[in-house]
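Worksheet for the structure shown next.
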Amino acid sequence: MGIIQISMLGIGAVVLALLLKQQKSEYALYLSLAAVILILIFSMNRLQVVMETIQKIEQYTGIDAAMLKILVKLMGITYVAEFASGICKDAGFSAIGSQIEMFAKFSIMAVSVPVLLTLLETIEGLLGA
29 MGIIQISMLG IGAVVLALLL KQQKSEYALY LSLAAVILIL IFSMNRLQVV METIQKIEQY
89 TGIDAAMLKI LVKLMGITYV AEFASGICKD AGFSAIGSQI EMFAKFSIMA VSVPVLLTLL
149 ETIEGLLGA
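Just so you know, we're using the numbering used here here: the sequence shown kicks off at 29 and counts up by one.
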């Protein structure tokens, strides 16, 4: 599915959820969750393309595979946190959604530390210290 179809799916789900919200608000939430999960499933195809590209970059550049794995982890943390936070906020639990975002930021910092250390070691090597 392309972006136009996914966008139409999302807009259609929002319109139906708004109509359902007047009758039974819990059904609107279920509909939005179903739409989000469906879009997530279609996103997995795009993720496969990204993973293949990252593997090609690794082959062409000789960049350490551990660094590229960190990049993939960072993308995963970001996507999962955005997904979960959005669901919480749509359900009316903004505080929980914000806490998920904060935890994701801390997780990103923790996962990024090896990259920072490698960068500092490289700079130290270039300066001849």
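Beta carbons are placed, not taken as given, at the ideal position from N, Cα and C, and that holds for glycine.
Task: Three-state secondary structure (DSSP) of ASP92 - done: In the three-state scheme derived from DSSP, where H, G and I count as helix and E and B as strand, ASP92 is classed as coil.
Open item on the list: Less than 8 angstroms between the C-beta atoms of LEU57 and ALA119, yes or no?
Closed with: In this structure, ALA119 lies closer than 8 angstroms to LEU57 by Cβ.
Open item on the list: Determine whether the beta carbon atoms of ALA138 and THR106 lie at a separation below 8 angstroms.
Closed with: Cβ atoms of ALA138 and THR106: not closer than 8 angstroms.
Open item on the list: Can you tell me whether ALA109 is buried or exposed? The criterion is at least 16 other CB atoms within 10 Å of its CB, across all chains shown.
Closed with: Buried, by the Cβ-count rule.
Task: Contact between the stretch 30-46 and the stretch 62-69 (3+ Cβ pairs under 8 angstroms) - done: Result yes; three or more Cβ-Cβ pairs closer than 8 angstroms.
Open item on the list: Can you find the residues in the same chain that come closer than 6 angstroms, C-beta to C-beta, to ALA112, ignoring five residues on each side of it along the sequence?
Closed with: Around ALA112: ILE128.
TODO: Report the three-state DSSP secondary structure of PHE121 (helix, strand or coil).
DONE: Residue state, collapsed to three classes: coil.
TODO: Tell me whether the beta-carbon of LEU102 lies closer than 8 angstroms to the beta-carbon of ILE136.
DONE: Yes, Cβ-Cβ distance for LEU102 and ILE136 is below 8 angstroms.
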